[in-house]
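Sequential numbering from -18 applies to the sequence shown in this note's numbering.
Quick reminder that beta carbons are idealized off the backbone N, C-alpha and C, glycines included.
Notes follow the structure.
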Amino acid sequence: MSLTIGMHTGQQNISIDELRKLWKFADSNGFDFISVWDHFYEAPSIDGNTPVFEAISLMSALAVETKNANIGCHVFCATYRNVGLLAKSIMTIDHLSNGRVELGIGAGWHEPEHLAFGFPFSSAKDRSDRLEETIQSLRLLLTQTNSTFSGRFVSLSNAIILPQPIQSRIPIIVGGRGEQRTLRTAARHADGWNVPYVEKDEFERLTKILDHWCEIEQRDPTILHKSVNLHMRMGITTKDVERINNERGQIQGSLTGTKQQVIDTINQYSELGAARISIAIRPPIEWDALHLFVEEVIPQVKK
């Protein structure tokens, strides 16, 4: 499986016009995937006063503004939307994008958002159970016209989704790093797994756990698409790298360094089993470094 490169555009502290510019740049310069996120507040949480756009609306705009890259959300929170509404939204966006949607889904972790907006923040077990039921019911809704499902958290009674998506099977990607439930749910039900901002040794460790669950679930671990999001901290020069780190602070799970250092890091994640690496872009955008990334990094790592 050849490596693909994505761009994760967490929509905080950024204007719609700048997001459009970023998406169009990525779509026309070799990125294979572009994603948004699903938050009401900034992440990591500070005080909720950071401007943040909503995920479904923004993903619809992303579908219209791009033509080539697959699109998605890393990841939708299973507690924020009725599953039928989410399925209907994803079907619609698949049509808007002419069949380029991937469906990322997770159990949810941002407690301040849940409490502020009235979403129940239940136990980890309940959220994990809800995620599993959500994935099962989404698979039904997005692959057949009429669906019935009865669970503790999800109920469908002859629920009709028409039209069906353009894709016969929209890829479902489970996001998270929970070793006992999230990774096993990915192994049991998903087409892929995404993990954000982990160092190489942690990615390797989690991948081995995921492979173990695939064996337990009698699935070939090599067919499960594994991806990782990494903060973009590349600079053109060593001084640029120092400036970026001083301005933004040291952080784990990042592509930090000059061009060759970033190439080496990407190759190392790829050797550990990453099929896609998405660079996470946060404003202020380092446009010079981004141009260098598409001109000299992407061609090297996708050879």
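1) State the Cα-Cα distance for the pair Ala50 and Phe14, rounded to the nearest angstrom.
2) Taking the alpha-carbon of Thr225 as reference, which of Asp269, Thr(-10), Ala167, Arg158 has the nearest alpha-carbon?
3) Please give me, in chain order, every unbroken run of the alpha helix (DSSP H) with length at least 4 that falls completely inside the stretch -6 to 78.
4) Quick check: Ala68 and Leu112, are their CB atoms within less than 9 Å of each other?
5) Three Cβ pairs or more, each shorter than 8 Å: is that satisfied between the stretch 70 to 80 and the stretch 91 to 108?
6) Using a Cβ-Cβ cut-off of 6 Å (strictly less than) and excluding sequence neighbours within five positions of Ser26, which residues of its own chain qualify?
7) Output yes or no for whether 9 Å exceeds the beta carbon distance between Leu66 and Gln(-8).
8) Can you name, in chain order, every residue of its own chain whose Cβ lies under 8 Å from the Cβ of Val278, other than the five neighbours on each side?
9) Which residue comes first and which comes last in the alpha helix (DSSP H) that contains His212?
10) Applying the criterion that 16 or more other CB atoms from any shown protein chain within 10 Å of the CB defines a buried residue, is Phe130 buried or exposed?
11) Exposed or buried, Thr(-15), counting other C-beta atoms within 10 Å across all chains shown (16 or more means buried)?
12) How many Å lie between Gly80 and Val135 at the Cα?
13) Could you give the residue range of the alpha helix (DSSP H) that holds Trp268?
14) To which residues of the same chain is Tyr61 closer than 8 Å at the C-beta, ignoring the five residues directly before and after it?
15) May I ask you to report which of helix, strand or coil DSSP gives His170?
16) What are the boundary residues of the alpha helix (DSSP H) that Ile116 is part of?
17) In three-state DSSP terms, what is Ser149?
18) Considering Ala261, what are the terminal residues of the beta strand (DSSP E) in which it resides?
Concretely, from the data shown:
1) 5 Å
2) The identity of residue 225 in the sequence shown is Ile, whereas the question assumes Thr. Comparing Cα positions, the closest option is Asp269.
3) Entirely contained in the stretch -6 to 78, the alpha helix (DSSP H) runs reaching 4 residues are, in chain order, -3 to 8, 36 to 46, 64 to 77.
4) In this structure, Leu112 does not lie closer than 9 Å to Ala68 by Cβ.
5) no
6) Pro93
7) no
8) Met215, Lys240, Val243, Ile244, Ile247
9) Segment 206 to 215 is the beta strand (DSSP E) holding His212; no alpha helix (DSSP H) there.
10) buried
11) buried
12) 26 Å
13) The continuous alpha helix (DSSP H) containing Trp268 extends over residues 268 to 273.
14) Asp19, Gly89, Phe100
15) helix
16) 105 to 122
17) coil
18) 257 to 261
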